[in-house]
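Below is one structure, written out as structure tokens; comments come after it.
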Amino acid sequence: MKEHDVIIVGTGMAGLCLANLLVKQTKFKVALVGAQVPEIDSKCIRVCAFNKASINIFNYLGLENIVMSKGSCCYQNVTVRQDHMSGELNFNATELGFANLGAVIANQQVELALWNNIKENERISIYCPSQAQHWCYKNNKHHITLEDGSNISATLLFGADGKKSWVRDAVGIDVTTSSYNQAAIVATIATEKPHQHTAWQKFLATGPLALLPLTDSNKVSIVWSANTDYAEYLMKASDEEFATLLSKAADFCLGDLKLDSKRFSFPLISQHAKQYVKRSVAILGDAAHVAHPLAGQGVNAGLLDAAVLAETISAAANQDSDFQRALISYQKQRRGLNTGLIFAMSQLKNIFSNSNYLLSNSRGFGMNLINKSSFAKKVLAKHALGITNNLPKEIELHNLGTMPD
Ligand SMILES: Cc1cc2nc3c(=O)[nH]c(=O)nc-3n(C[C@H](O)[C@H](O)[C@H](O)COP(=O)(O)OP(=O)(O)OC[C@H]3O[C@@H](n4cnc5c(N)ncnc54)[C@H](O)[C@@H]3O)c2cc1C
Numbered sequence: 135m136k137e138h139d140v141i142i143v144g145t146g147m148a149g150l151c152l153a154n155l156l157v158k159q160t161k162f163k164v165a166l167v168g169a170q171v172p173e174i175d176s177k178c179i180r181v182c183a184f185n186k187a188s189i190n191i192f193n194y195l196g197l198e199n200i201v202m203s204k205g206s207c208c209y210q211n212v213t214v215r216q217d218h219m220s221g222e223l224n225f226n227a228t229e230l231g232f233a234n235l236g237a238v239i240a241n242q243q244v245e246l247a248l249w250n251n252i253k254e255n256e257r258i259s260i261y262c263p264s265q266a267q268h269w270c271y272k273n274n275k276h277h278i279t280l281e282d283g284s285n286i287s288a289t290l291l292f293g294a295d296g297k298k299s300w301v302r303d304a305v306g307i308d309v310t311t312s313s314y315n316q317a318a319i320v321a322t323i324a325t326e327k328p329h330q331h332t333a334w335q336k337f338l339a340t341g342p343l344a345l346l347p348l349t350d351s352n353k354v355s356i357v358w359s360a361n362t363d364y365a366e367y368l369m370k371a372s373d374e375e376f377a378t379l380l381s382k383a384a385d386f387c388l389g390d391l392k393l394d395s396k397r398f399s400f401p402l403i404s405q406h407a408k409q410y411v412k413r414s415v416a417i418l419g420d421a422a423h424v425a426h427p428l429a430g431q432g433v434n435a436g437l438l439d440a441a442v443l444a445e446t447i448s449a450a451a452n453q454d455s456d457f458q459r460a461l462i463s464y465q466k467q468r469r470g471l472n473t474g475l476i477f478a479m480s481q482l483k484n485i486f487s488n489s490n491y492l493l494s495n496s497r498g499f500g501m502n503l504i505n506k507s508s509f510a511k512k513v514l515a516k517h518a519l520g521i522t523n524n525l526p527k528e529i530e531l532h533n534l535g536t537m538p539d
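In our numbering, each residue carries its 1-based index in the sequence shown increased by 134.
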């Protein structure tokens with residue numbers, strides 16, 4: 135039986151980020167269990183829009199290069215539009231006092247950079263590829279059996295094992311789950327006009343459509359969320375019909391659009407764990423919360439979970455104080471904010487999918503009004519950039535930059 139201080143289950147972005155932070159901030163011996171070894175598969179086209187807070191965490195870990203890596207694209211502008219009626223919101227980095235508003239980066243690129251940063255570290259024991267299969271708690275320790283029959287144990291257990299979290303189920307943490315009755319179609323798209331480093335979002339009555347700029351100035355990644363029936367139709371449509379419907383849905387903002395990859399479809403759910411902590415176990419990332427991808431906040435929230443969890447645990451370790459209190463503090467700091475995030479995403483999805491004339495008109499009026507108010511825009515932008523959250527002090531001081539009032 136190999137003994138550790140902490141076991142992290144999950145080698146997605148949240149688990150790898152937590153492992154990196156614990157190595158940097160504590161003297162813990164960490165066991166990292168993951169079903170998959172991070173690698174670049176050229177067929178995988180998943181990207182995420184990372185906000186300022188996430189980029190700051192990468193910088194803090196000495197991974198400034200993630201943002202500069204092949205395939206990543208910083209965006210300077212964000213444009214949000216609604217269907218039917220006029221109504222537009224525009225955010226510009228220079229106006230808000232930043233060099234950019236975030237970066238679109240391939241998920242696998244981020245995972246690989248986080249993995250390479252720690253895989254040789256002497257305080258990390260890697261059990262990957264390997265699935266955690268059995269858990270029990272005995273003599274104040276968590277004991278986990280892996281699929282090859284080997285056993286590991288530790289004082290603390292952290293589950294970053296995604297929305298179907300094995301850790302969450304094993305220790306008996308309940309979740310509430312509901313379906314948005316939508317699916318998100320993801321694809322890489324070739325555009326007629328250059329994207330000009332603009333992330334573009336349109337709220338259609340059938341669901342939101344996002345165009346995220348990629349390194350090639352004539353390529354974007356789309357996340358087209360649509361009611362289940364329409365999403366099925368879009369998945370079955372020929373490449374030509376799909377491209378025509380997409381170009382039209384995007385108001386030809388980048389001219390004619392053409393598919394540059396296969397289409398992938400993801401059913402969309404809202405899910406929240408009733409607690410993030412149970413005794414000496416904590417869950418984070420998608421294991422704890424899943425929201426609609428319409429504002430691209432999912433992994434950004436997961437990385438902040440990792441930052442807060444590492445900070446509270448390392449403070450407890452340094453002061454020789456109780457880990458239980460540290461875990462409760464993590465839950466207090468993160469669960470409320472993530473509840474707000476999940477609620478806001480559901481409300482936005484519902485408000486914008488209502489095509490009632492009066493509602494549509496007032497939405498457009500409201501968006502145009504906000505667009506004219508630099509104060510209101512700054513408040514909204516601070517939320518989207520992740521800089522209203524109480525970032526852990528060390529990370530906050532690490533080159534976050536400030537937004538002029
Ligand atoms: C269409 C779409 C677009 C999105 N766009 C954005 C965006 O622009 N910005 C944003 O912030 N978020 C976005 N998200 C959300 C984001 O993709 C997720 O929040 C993020 O990938 C979750 O990361 P994670 O590390 O928590 O979980 P995961 O990536 O699911 O990782 C979990 C890991 O745990 C492993 N695992 C599971 N069970 C076990 C076990 N028993 N033993 C060992 N290992 C195990 C799995 O193999 C996996 O590697 C989007 C989501 C979707 C669906």
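Glycine included, every Cβ here is placed at the ideal spot set by N, Cα and C.
If we call anything under 8 angstroms between Cβ atoms a contact, is residue i one with residue j?
i           : j           : result
residue 141 : residue 149 : no
residue 206 : residue 227 : no
residue 245 : residue 146 : yes
residue 447 : residue 429 : no
residue 343 : residue 294 : no
residue 412 : residue 309 : no
residue 444 : residue 223 : no
residue 414 : residue 289 : yes
residue 212 : residue 239 : no
residue 307 : residue 417 : yes
residue 231 : residue 326 : no
residue 312 : residue 189 : no
residue 217 : residue 337 : yes
residue 265 : residue 169 : yes
residue 247 : residue 197 : yes
residue 519 : residue 185 : yes
residue 267 : residue 203 : no
residue 462 : residue 194 : no
Can you tell me the Cα-Cα spacing of residue i and residue j, whole angstroms?
i           : j           : result
residue 364 : residue 315 : 11 angstroms
residue 406 : residue 424 : 6 angstroms
residue 303 : residue 369 : 33 angstroms
residue 286 : residue 269 : 10 angstroms
residue 481 : residue 215 : 16 angstroms
residue 538 : residue 516 : Only weak support is given to the placement of residue 538: the predicted model assigns it a pLDDT of 38, under 50, and the value that follows is read from those uncertain coordinates. Approximately 11 angstroms between the Cα atoms of the pair.
residue 420 : residue 183 : 16 angstroms
residue 533 : residue 442 : Per-residue confidence for residue 533 stands at a pLDDT of 47, beneath the threshold of 50, marking its modelled position as unreliable; the derived number appears in the next sentence. Residue 533 and residue 442: Cα-Cα distance of roughly 18 angstroms.
residue 178 : residue 349 : 16 angstroms
residue 409 : residue 272 : 22 angstroms
residue 319 : residue 139 : 41 angstroms
residue 171 : residue 263 : 6 angstroms
residue 291 : residue 282 : 20 angstroms
residue 372 : residue 341 : 21 angstroms
residue 192 : residue 284 : 33 angstroms
residue 210 : residue 225 : 8 angstroms
residue 468 : residue 136 : 31 angstroms
residue 160 : residue 427 : 33 angstroms
residue 398 : residue 458 : 41 angstroms
residue 144 : residue 296 : 7 angstroms
residue 376 : residue 275 : 54 angstroms
So residue i and residue j are supposed to be a Cβ contact under 8 angstroms. How far apart are they, rounded?
i           : j           : result
residue 422 : residue 472 : 7 angstroms
residue 393 : residue 321 : 6 angstroms
residue 187 : residue 438 : 6 angstroms
residue 252 : residue 157 : 6 angstroms
residue 347 : residue 354 : 6 angstroms
residue 208 : residue 250 : Residue 208 to residue 250, Cβ: 22 angstroms. No contact.
residue 166 : residue 258 : 6 angstroms
residue 317 : residue 362 : 6 angstroms
residue 440 : residue 152 : 4 angstroms
The alpha helix (DSSP H) spanning residue i covers which residue range?
i           : result
residue 434 : 432 to 452
residue 152 : 147 to 159
residue 258 : Note, residue 258: premise wrong, no alpha helix (DSSP H); beta strand (DSSP E) at 258 to 261.
Starting from residue i, trace the beta strand (DSSP E) both ways and give me its first and last residue.
i           : result
residue 275 : 275 to 280
residue 142 : 136 to 143
residue 239 : 236 to 240
residue 272 : 266 to 272
residue 181 : 181 to 184
residue 166 : 164 to 167
- Query: At what residue ranges does the region 283 to 338 contain a whole run of the alpha helix (DSSP H), taking only runs of 4 or more?
  - Reply: For the region 283 to 338, whole alpha helix (DSSP H) runs of length 4 or above, ordered along the chain, are 300 to 305.
- Message: Which runs of the beta strand (DSSP E) at least 3 residues long sit entirely within the region 340 to 387? Give them in chain order.
- Response: Those beta strand (DSSP E) runs which fall completely within the region 340 to 387 and span 3+ residues are 341 to 347 and 353 to 361.
- What are the complete beta strand (DSSP E) segments, minimum 3 residues, inside the region 191 to 231? Complete beta strand (DSSP E) runs here, min 3: 207 to 209, 211 to 216 and 222 to 226.
- Message: Extract the residue ranges of the beta strand (DSSP E) inside the region 390 to 422, only unbroken runs of 3 or more that lie entirely within it.
- Response: DSSP runs (the beta strand (DSSP E)) wholly in the region 390 to 422: 391 to 393, 398 to 407 and 415 to 417.
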